[in-house]
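Asks: Shown below is the structure under consideration.
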Amino acid sequence: MSYEPVFALFWERVKQSIQEGTYAKLTLAKTIGDTELKNMYIRPVLLEEGGYTLSIIARYKTEEIESFHTIDEAYAILFPYMNNPFMTALLFTTENDITFKLNKKRVGSIIEQAPTFKSASDVIIEMKDKGII
638 MSYEPVFALF
648 WERVKQSIQE
658 GTYAKLTLAK
668 TIGDTELKNM
678 YIRPVLLEEG
688 GYTLSIIARY
698 KTEEIESFHT
708 IDEAYAILFP
718 YMNNPFMTAL
728 LFTTENDITF
738 KLNKKRVGSI
748 IEQAPTFKSA
758 SDVIIEMKDK
768 GII
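Going by our numbering, the sequence shown opens with residue 638, and the numbers climb by one from there.
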């Protein structure tokens, strides 16, 4: 069974947290073995003309590469990295921490825990103030 439907549910939670203004941070982590790509960080960035885009920072052993994408483009870019090399995606919100995890059989699951962050990211707070979300 593919883990894509579970990751799609997880991504809906990412979208929801941005729309509701509770988004704090999103990280792809826990690689399989020693890989060149170590982490990926996703954060919203305000656009000068209004609205927002997502910054995806791919952290490698020797460099960081940042790219900017819509929320739907970001899903298409990040999904292939699940299972190769990442086993975990961690969404931190002010309501709870939501973890997408692949087990050894590559079955996806979503786990919710108490929130790590008390406030949303600065960009999310600014987006609320400007009425973008």
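Ideal placement from N, C-alpha and C gives every residue a C-beta, glycine not left out.
To the nearest angstrom, how far is it from the Cα of Tyr718 to the Cα of Lys698?
Replies: The straight-line gap from Cα to Cα measures roughly 16 Å.
Asks: To which residues of the same chain is Gly586 closer than 8 Å at the C-beta, ignoring the five residues directly before and after it?
Replies: Since the first residue shown for the chain is 638 and the last is 770, residue 586 is missing from the structure and cannot be characterised.
Asks: Does the distance from the CB of Thr730 to the CB of Ala661 come in under 8 Å?
Replies: It is a contact, given that the beta carbons lie within the stated cut-off.
Asks: What does the alpha-carbon distance come out to for the pair Phe644 and Gly745?
Replies: About 7 Å.
Asks: Compute the beta-carbon to beta-carbon distance between Met677 and Ile655, rounded to the nearest angstrom, for a pair I have assumed lies under 8 Å.
Replies: Wrong, their Cβ atoms sit about 17 Å apart, outside the cutoff.
Asks: Determine whether the beta carbon atoms of Tyr689 and Ile769 lie at a separation below 8 Å.
Replies: Taking 8 Å as the Cβ cut-off, Tyr689 and Ile769 qualify as a contacting pair.
Asks: Here's a check: name, in chain order, each residue in its chain whose Cβ is nearer than 7 Å to the Cβ of Thr659, leaving out the five neighbours to either side.
Replies: Closer than 7 Å at Cβ, skipping near neighbours: Thr730, Thr731, Glu732 and Ala757.
Asks: In the structure shown, what three-state DSSP assignment does Pro642 receive?
Replies: Helix, per DSSP.
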